[in-house]
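Here the structure comes first, spelled out in structure tokens, and everything after it is commentary.
In the working numbering, the protein residues as written are 1117 to 1924.
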């Protein structure tokens, strides 16, 4: 029998503090924070961030707490620091099509400068134009134009008046209208009575002269309107002549201030020319009027004109060093892609270029933008918009849902802009492959995969790196530093979390939490440094905060509610080990596995499967143990067997194949009618060759069974049988190690399931010979039982199944 009892020294990895090479973590602060155990991820991230080709965005995979976000942010900032500062982005009024504001790229800092210059330009217009239009030069020329117009108008009126007088009409101006009256020979107004008394020929002649006078009046009015138009044009030209030098000077000053060459130089020059033209076309608005009502209208119109000259600086990179790095934790449509704000005026939603707002994509232009895939998948419009952006590389700012607005809205479509940004998506492994399968077009835009490991091979370098991480955590959070002994305890806990004496957990969020909790314990006792005892106290306190469900289950064993035999021998009964995972805490717990067999043709029945309390992996394990069992007795097949295997008092479901060994032992014990030791619990999977395979949660399983035995009273005969391949995974609690060292508890390992059966029964397993198995072996006894079952079936006329039924 090759059963090996594991010595206490091999039940957990012990790290000696003096091997770490420092007294406390304050000595390690000069070291930079490394990527601990993530060399592959570090190389991939650096490659992806430095690759300037399109579609080399990064897909970062890893478990929560692996440092994937923190480490990527640090590397992004380091790479971004060496990149040029991207340009500013402004939106300007489009004088040709106001509904399509123009986008303008400017060197970093010049966007703010242009905005300030245009603001000053507006103030200059408001102060200087009225002064120049009120100056003596302008007044003299204006008066000359008005005098010329007045003289020409008076001359034309004199001619009209003479024409009317020659025909006995008196002509009078009243409020811009012409009123004429017919006079008699004495010069008196001709009344209606007198007019009716005139001969018919005279009345016809008067009507003709009146019609001719009306025609002359019309020609006079047309002539004066033309003269007024010429005068107004002259006044407008005079205003332009007076103001144009001012505009040219001010706009040239703006050009001079913005000497640096930019990509959109031509666009800026064209915009300033349009500004100049627009000001010259609206100069009359700068002159105040006399009437209060008209003055209010003028000021409102002037404000609307001046608002067109403002600059909407949506991305301001002044003062920035290097490229931007943005972590968007709230990627809503507006925050990610930008928006156009609206306001209500007279029951209409209105907006203009000044209400355009940039989102994270625009702000991250030239740099890096980090997003979490789960956030994007939760918002379908965001996902679709991002897909379109990745396809074209151009961003169109729009306000989603405006077409569904309950009231009329003024539409605005800003000019699209090219955005050069490298996206970094944080995702789990499951989310990554779901996108690979469900949206390959999107996935191919992320050609750089950064895969964070859950654990890594531990060595002296990784342990030093972990100590450096602890040192930086203490400095960042203002915590007392850790002694070498405390760091050694932290490292042992990391091995425990990885369930491996050679590997260390890469989930450093858990390490960080333990650092904070151990520091709190050190402060509570007044220690200057965190010691190993503080780490252990913090670990135990955390367990105590979470282990109430485990405590209640253990109490059910003590109270007799759960049936569990921890000593003696029983046929067809063995203690299996399970792990309960609550998310924030997991623990091991023993469960009794029993089996029953009798003659029949139903085969092997998995009761958990029958009542839908087992998962597919557990069902697979039962099928495998059935295959192994059938191979052991192939020489007497077909088997006349009815068998049932069940987890006693298990009501929440069973998953995993780690109990297949225990199920095999219970079933074989029932067939051989051979008792099993109840003090030794079993965990392990079995394959079709009878080899024991490693299982997960090995430490929790052993400790859970140990607590049950300790609660009921250790006898010195109790222990756990585990697969030999699980030996390196042992990181047991010190109380268990101490009990093993004192001989009160035992850890056995086996290579083959047959070896475990020999340990549990004290009998040889049995080797197949010419006449079958020897009768004084486990398999020999089981063989005799199966032969008796066949005889019973033959006597009853039943035909044994050649392929026993395992599942429905």
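Here a beta-carbon is modelled for each residue, glycine too, at the ideal position from N, C-alpha and C. Keep in mind that this is a model prediction, so the values were computed, not measured.
inquiry  = DSSP three-state label for residue 1271, please.
reply    = Of the three classes helix, strand and coil, the one that applies to residue 1271 here is helix, per DSSP.
Q.
According to DSSP, simplified to helix, strand and coil, what is residue 1724?
A. Residue confidence for residue 1724 is low, a pLDDT of 44 falling below 50, so the modelled location carries little weight; the figure read from the coordinates is stated next. Three-state result, residue 1724: helix.
Continuous alpha helix (DSSP H) stretch holding residue 1821: start and end: 1814-1828
Note to self: For residue 1170 and residue 1515, I'd like the C-alpha separation in whole angstroms.
What the structure shows: 28 Å
Straight-line CA distance for residue 1256 to residue 1340?
In this structure, the CA atom of residue 1256 is about 22 Å from the CA atom of residue 1340.
| request: Using three-state DSSP, classify residue 1729 as helix, strand or coil. | output: With a pLDDT of 49 at residue 1729, under the threshold of 50, the modelled position of that residue is not reliable, and the figure given next carries that caveat. The answer is coil: DSSP assigns residue 1729 none of H, G, I, E or B.
#### Entry: Residue span of the alpha helix (DSSP H) that contains residue 1694, given as start and end
Here residue 1694 belongs to no alpha helix (DSSP H); instead the beta strand (DSSP E) covers 1689-1697.
Original post:
Is residue 1554 helix, strand or coil when you go by DSSP?
Top reply: helix
- Kindly provide the ranges of any beta strand (DSSP E) runs that are 3 or more residues long and lie completely inside the segment 1835-1878, ordered along the chain. 1835-1839 and 1862-1866
Check: If you check the beta carbons only, do residue 1752 and residue 1910 fall under 8 Å apart?
Finding: No.
(Q) Classify residue 1148: buried if its beta carbon has 16 or more other beta carbons within 10 angstroms, exposed otherwise. (A) exposed
Worksheet entry | Cβ-Cβ distance between residue 1174 and residue 1562 below 8 Å | yes
When the Cα atoms are used, what is the spatial distance from residue 1273 to residue 1329? 13 Å
Whole angstroms are fine: how far does the CA of residue 1881 sit from the CA of residue 1873?
7 Å
Q. Does the segment 1185-1200 come close enough to the segment 1570-1577 that 3 or more CB-CB pairs lie under 8 Å?
A. no
Exposed or buried, what is residue 1365 when buried is set at 16 or more other beta-carbons lying within 10 Å of its beta-carbon? exposed
At 3 residues or longer, what runs of the beta strand (DSSP E) sit wholly inside the segment 1535-1579? 1538-1543, 1564-1567 and 1571-1573
Does the beta-carbon of residue 1549 have 16 or more other beta-carbons within 10 angstroms, so that it is buried, or is it exposed?
-> exposed
Can you find the residues in the same chain that come closer than 8 Å, C-beta to C-beta, to residue 1543, ignoring five residues on each side of it along the sequence? 1175, 1176, 1177, 1488, 1489, 1490 and 1551
### Task
Please name the residue in 1345, 1122 and 1637 whose C-alpha comes closest to that of residue 1264.
Answer by Cα proximity: 1345.
> Skipping 5 residues on each side, what residues in its chain have a beta carbon closer than 8 Å to that of residue 1477?
Replying inline: Annotation for residue 1477: 1452, 1453, 1454, 1485, 1505, 1511, 1535 and 1537 place their beta carbon closer than 8 Å to its own, counting only its chain and skipping 5 residues before and after.
- Query: In the structure shown, what three-state DSSP assignment does residue 1118 receive?
  - Reply: coil
Three CB pairs or more closer than 8 Å across the segment 1599-1609 and the segment 1643-1654 = yes
*Flag this pair as yes or no: are the beta carbons of residue 1469 and residue 1209 separated by less than 8 Å?*
yes
Of all the options 1797, 1821 and 1268, which has the alpha carbon lying nearest to the alpha carbon of residue 1703?
1821
| Is it the case that the Cβ atoms of residue 1390 and residue 1237 are separated by a distance below 8 Å? | Not in contact: residue 1390 and residue 1237 (Cβ atoms no closer than 8 Å).
Query - Between the CA atoms of residue 1776 and residue 1937 - distance to the nearest angstrom - result: Outside the displayed span of the chain (1117 to 1924) sits residue 1937, for which this structure offers no information.
* Asked: Opposite residue 1808 in the DSSP bridges: which residues?
  -> 1802
Worksheet item: Taking DSSP as the reference, what is the three-state secondary structure of residue 1706?
Response: strand
Quick one: give me the first and last residue of the beta strand (DSSP E) that residue 1791 is part of. In the DSSP assignment, residue 1791 falls within the unbroken beta strand (DSSP E) covering 1791-1793.
Q. Nearest to residue 1122 by CA position, among 1883, 1839 and 1890, is which residue?
A. 1839
- Query: If you compare alpha carbons, which of 1778, 1294 and 1539 is closest to residue 1503?
  - Reply: 1539
Report task. Determine the DSSP secondary structure at residue 1331, reduced to helix, strand or coil. Result -> helix
Mapping the DSSP letters down to three states, classify residue 1668 as helix, strand or coil. DSSP places residue 1668 within a helical segment (H, G or I) once states are collapsed to three.
- prompt: Identify the residues that DSSP records as bridge partners of residue 1685: which are they?
  reply: 1793
Alpha carbon to alpha carbon, what distance is there between residue 1482 and residue 1251? Their backbone Cα atoms lie some 51 Å apart in a straight line.
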